[in-house]
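One structure is given here, and the rest of the page talks about it.
There are 2 protein chains.
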Amino acid sequence: MPKRATIQDVAREAGVSVTTVSRYLNGRYESMSDRTREKIADVIARLGYRPNALAKGLKAQRTQTVGAIVVNMGYPFCVGFLRAFSRALGAEGYHLMVAESEGDARRERQLIESLVANRVEAIALQTSGANNDYLEDLAREMPVVLVDRAFSLPHAYAIGTNNRDASREMAWQLFDLGYERIVYLTEDERGIPTRTERLEGYLEACRVALREPEVMRVRRGDASSFADAIARVDAEIRRGRRTAVYSANGLILMECYRALRQLGHPVPSALGLATFDHPDWADLVDPPLTCVRQPVDEMGEEAARMVIARLRGEDVPEKTRVLASTLVMRESTGREQSARIGRDVSR
Amino acid sequence: MPKRATIQDVAREAGVSVTTVSRYLNGRYESMSDRTREKIADVIARLGYRPNALAKGLKAQRTQTVGAIVVNMGYPFCVGFLRAFSRALGAEGYHLMVAESEGDARRERQLIESLVANRVEAIALQTSGANNDYLEDLAREMPVVLVDRAFSLPHAYAIGTNNRDASREMAWQLFDLGYERIVYLTEDERGIPTRTERLEGYLEACRVALREPEVMRVRRGDASSFADAIARVDAEIRRGRRTAVYSANGLILMECYRALRQLGHPVPSALGLATFDHPDWADLVDPPLTCVRQPVDEMGEEAARMVIARLRGEDVPEKTRVLASTLVMRESTGREQSARIGRDVSR
DNA sequence: TTGAAAGCGCTAACAA
DNA sequence: TTGTTAGCGCTTTCAA
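Protein chains in written order, with my numbering: chain Z, 144 to 490; chain U, 144 to 490.
Okay, structure coming up:
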């Protein structure tokens with residue numbers, strides 16, 4: 144492994160000073176003879192010289208790098224967000240360091256610290272909520288964007304969607320479409336605003352519609368935790384009640400989708416199916432799946448916009464952006480139609 | 144944005160030298176009084192001091208960071224690889240910088256250069272093949288792993304799967320299952336080894352089985368490019384021939400899946416469906432989809448293992464790893480069964 | 001057990 | 001138009 148050439152090497156070879164090379168590297172050709180410029184260009188090419196961004200960052204106190212922590216890069220939400228975020232940042236010359244927390248608060252904390260150690264200029268993360276004090280401190284010194292799980296911290300930015308409204312609206316629609324029962328599938332919602340809000344939206348709809356809520360808590364990866372829910376759905380339908388399964392996210396519906404279909408009840412007439420998230424398989428299955436589509440791309444772009452504006456020194460007074468989701472009604476609940484729920488909000 | 148505390152600040156506050164603080168930071172407590180250690184710990188906590196990894200990296204010539212470039216973070220293959228790679232690296236204390244090339248050679252080149260500028264210690268990438276000369280040069284100075292599209296460069300590592308064998312085997316199976324025609328769907332394969340090998344595997348099977356190959360080239364995002372393929376399938380079946388659609392990757396099958404099903408031919412009796420890749424919707428659709436499952440996780444882990452070993456200074460003589468894919472036969476082609484194709488190979 | 005000082009590769013103020 | 005030099009925050013050698 145030969146050592147990489149440095150600016151010193153280039154300067155020596157070209158017979159000029161490092162300052163001149165530095166000027167060249169930063170495109171300040173105006174005060175430089177053509178001959179010098181060509182000489183430097185030659186040497187750089189010959190030596191395969193690449194500037195050291197570490198040294199540059201150390202000096203300039205800027206790394207042009209932003210950090211992102213998501214729960215799991217495999218989740219559609221996370222992938223979608225990361226892609227949009229990374230694209231928007233890349234367009235402004237920023238790099239992205241990505242890490243996965245697996246939803247573990249301790250790991251999340253370590254990851255944040257190590258991003259800080261690497262002097263990322265901003266951090267976007269889907270936080271567990273357990274590091275909020277630390278994040279609030281951090282947010283005083285650098286842009287911090289809480290994504291998806293939008294806890295409210297005075298100095299941090301937050302980007303989320305109108306979970307409660309969208310969830311309430313979806314449940315309303317389902318009742319409206321004639322489902323007598325809605326079995327709501329969720330993972331343990333405690334401490335996770337997103338899940339809590341979606342659940343509350345559902346509960347509100349039940350209250351208004353004067354229906355008994357039916358919340359089934361499942362654990363991903365644990366098939367037995369789904370068995371109860373599936374049995375419940377089966378029982379309701381056998382009792383002659385049109386029943387809809389409404390899932391708090393696409394992954395848990397995915398885990399029980401087959402089993403639900405294998406009950407054999409006709410969809411959508413006896414059994415309705417709806418989920419938060421817009422999994423890529425939503426319109427491959429038959430009948431196509433009703434979903435709440437979150438504006439993932441916009442969330443990533445918006446996060447990048449906030450970060451970039453702040454790093455440019457601009458004022459970004461709206462700390463919180465709540466983007467509107469879209470109800471995508473498909474044949475799995477009977478009728479086709481699609482509508483944005485409410486409007487985007489900044490505050 | 145207050146300036147972050149430096150090792151100098153800590154030293155001053157604690158009334159010791161920076162050397163001592165540095166020793167503390169690196170856990171060399173053996174030559175340090177307990178009092179000193181406690182004092183330093185206090186000050187660090189009070190100041191919220193975080194070491195600057197840039198300065199450390201500049202001095203140590205090590206950044207503990209690895210770069211990865213994939214075509215698109217949304218592709219199942221890329222996500223799977225990135226996750227496994229990132230996990231394995233994280234376990235060894237490495238960070239990951241991720242970027243997307245969108246399959247564009249120029250952009251890929253820029254990304255590589257900027258990863259180099261950031262002094263990543265190794266690079267794993269799914270390359271277009273257009274930067275092979277540059278990559279070969281680079282591979283002389285740092286570990287470079289070509290993933291998936293495993294071009295053979297003397298100094299670079301390569302990790303791929305046995306595309307040709309798996310593809311041939313899949314086609315054989317399909318003929319064996321009684322499909323008279325296999326319509327092969329692919330994107331333009333020129334210059335992309337993965338696609339070329341898969342196509343060749345299919346062509347070999349046709350040759351051996353004495354069947355006319357039927358290759359349809361499609362372009363993702365361009366519905367009209369799929370229309371021909373779909374019409375062709377329809378025509379064959381109407382002519383009374385059992386026909387299978389075999390797709391070179393999951394994304395292109397996804398784009399035409401609905402349209403194929405809407406032809407109305409019974410699956411698997413008249414129409415068979417099979418694809419390379421193992422999309423997450425493969426067993427949600429009805430009937431479940433026959434696939435060639437690549438060992439994505441192992442590829443990520445293996446890439447990390449190679450990189451880490453090399454960075455530790457160990458010798459890694461096997462430059463190339465070809466991992467075996469698995470044929471997952473499901474009801475979309477009639478019979479359920481699954482088999483690994485061949486064995487993993489190192490050389 | 002502790003510290004002084006050189007130096008990693010770069011930028012920019014100042015000087016020529 | 002070009003160069004000298006201090007310093008970014010850290011590690012490490014050498015000395016005390």
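From the three backbone atoms N, C-alpha and C, an ideal C-beta is built for every residue, glycine too.
Predicted model only: the values in this text are computed from it and were never measured.
Query - Whole alpha helix (DSSP H) elements within the segment 206–272 of chain U, 4-residue minimum - result: Scanning the segment 206–272 of chain U from its first residue to its last, the whole alpha helix (DSSP H) runs of 4-plus residues come out as 219–234 and 248–260.
Requested in this report: Answer with yes or no whether the minimum CB distance from Thr206 of chain U to chain Z is below 8 Å.
Outcome: yes
Requested in this report: Could you check how far apart the C-beta atoms of Ser368 of chain U and Leu328 of chain U are, in whole angstroms? I think they sit under 8 Å.
Outcome: Actually they do not touch by this definition, with Cβ atoms about 10 Å apart.
Query raised in the report: Between Met359 of chain Z and Ala402 of chain Z, what straight-line distance do the alpha-carbon atoms span, to the nearest angstrom?
Result: 15 Å
Query raised in the report: Quick one, are the C-beta atoms of Leu258 of chain U and Met240 of chain U less than 8 Å apart?
Result: yes
Requested in this report: Using the DSSP secondary-structure output, state which residues sit across from Met359 of chain Z in a beta bridge.
Outcome: Z:Leu328
**Report entry** Secondary structure of Gly383 of chain U, DSSP reduced to three states
**Finding:** Coil at Gly383 of chain U, not helix or strand.
Query raised in the report: In its own chain, which residues sit with a C-beta less than 7 Å from the C-beta of Gly246 of chain U, not counting the 5 before and 5 after it?
Result: Val214 and Ser271
**Report entry** For Phe419 of chain U, the first and last residue of its enclosing beta strand (DSSP E)
**Finding:** Run containing Phe419 of chain U: Leu414 to Phe419, per the beta strand (DSSP E) assignment.
Requested in this report: State yes or no: is the beta carbon of Gly217 of chain U nearer than 8 Å to at least one beta carbon in chain Z?
Outcome: yes
Query raised in the report: Tell me the DSSP bridge mates of Ile302 of chain Z?
Result: Z:Val290 and Z:Arg464
Query raised in the report: What are the start and end residues of the beta strand (DSSP E) that includes Met285 of chain Z?
Result: Here Met285 of chain Z belongs to no beta strand (DSSP E), and DSSP marks it neither H nor E.
**Report entry** Arg464 of chain U versus U:Ala446, U:Gly456, U:Thr476 and U:Ser481, residue with shortest Cα-Cα distance
**Finding:** U:Ala446
Report task. Helix, strand or coil for Thr149 of chain Z, going by three-state DSSP, please let me know. Result -> Coil.
Query raised in the report: So, is Arg384 of chain Z buried or exposed, given that buried needs 16 or more other C-beta atoms within 10 angstroms?
Result: exposed
Query raised in the report: Would you report the Cα separation of Pro356 of chain Z and Leu427 of chain Z, rounded to the nearest angstrom?
Result: 30 Å
Query raised in the report: Whose CA, out of Z:Arg262, Z:Arg193 and Z:Arg252, lies closest to the CA of Ala196 of chain U?
Result: Z:Arg262
Query raised in the report: Would a check of beta-carbon distances place Met144 of chain Z closer than 8 Å to chain U?
Result: Its pLDDT being 48, under 50, Met144 of chain Z is placed unreliably in this model, and the coordinates cannot settle the point.
Report task. Just tell me which of U:Leu396, U:Leu394, U:Val326 and U:Met285 has its CA closest to the CA of Asp377 of chain U. Result -> U:Val326
Requested in this report: Establish whether the CB of Ser257 of chain U and some CB of chain Z are separated by less than 8 Å.
Outcome: Residue-level contact check: Ser257 of chain U touches chain Z, since one or more beta carbons of chain Z fall below 8 Å from its beta carbon.
Query raised in the report: Would you call the CB atoms of Gly344 of chain U and Arg311 of chain U closer than 8 Å?
Result: yes
Query raised in the report: Which residues, taken in chain order from the segment 420–451 of chain Z, show a beta carbon closer than 8 Å to some beta carbon of chain U?
Result: Pro422, Asp423, Trp424, Asp426, Leu427, Val428 and Asp429
**Report entry** Touch test, the segment 188–203 of chain U against the segment 211–229 of chain U, Cβ-Cβ under 8 Å, three pairs minimum
**Finding:** no
Query raised in the report: What's the call for Asn169 of chain U, buried or exposed, on a 16-neighbour Cβ count within 10 Å?
Result: Exposed.
Report task. Pull up the distance between the alpha-carbon of Thr418 of chain U and that of Glu340 of chain Z, whole angstroms please. Result -> 39 Å
Query raised in the report: With distances taken from CA atoms, which of U:Thr386, U:Ser174 and U:Ser481 is nearest Leu414 of chain U?
Result: U:Thr386
Query raised in the report: Cβ of Val450 of chain Z versus every heavy atom of the ligand FMN: is any distance shorter than 7 Å?
Result: Among the components of this structure there are no ligands whatsoever, and the ligand FMN is therefore not found.
Query raised in the report: Interface residues of chain U around Ala196 of chain Z at Cβ under 8 Å?
Result: Within 8 Å Cβ-Cβ: Ser257, Ala260, Asn261 and Arg262.
Query raised in the report: By the 10 Å Cβ neighbour count, where 16 or more other Cβ atoms means buried, how is Lys202 of chain U classified, buried or exposed?
Result: exposed
Query raised in the report: Whose C-beta lies closer than 7 Å to the C-beta of Glu479 of chain U among residues of the same chain, with five residues either side of it excluded?
Result: In chain order, Met472 and Arg473 place their CB closer than 7 Å to the CB of Glu479 of chain U, counting only its own chain and leaving out the 5 sequence neighbours on each side.
Requested in this report: For Gln316 of chain U, I'd like the list of residues in its chain whose CB is within less than 7 Å of its CB, leaving aside the five on either flank, ordered along the chain.
Outcome: Leu470 and Met472
Report task. For Ser160 of chain Z, name the three-state secondary structure that DSSP assigns. Result -> coil
Query raised in the report: Do three or more CB pairs link the segment 227–241 of chain U to the segment 172–187 of chain U at distances below 8 Å?
Result: no
**Report entry** Three-state class that DSSP yields for Gln480 of chain Z in the structure shown
**Finding:** strand
Requested in this report: Compare the C-beta of Ser229 of chain Z against all C-beta atoms of chain U and say whether one is closer than 8 Å.
Outcome: yes
**Report entry** 8 Å Cβ cut-off: residues of chain U touching His298 of chain Z
**Finding:** Residues of chain U passing the Cβ test: none, with the nearest at roughly 11 Å.
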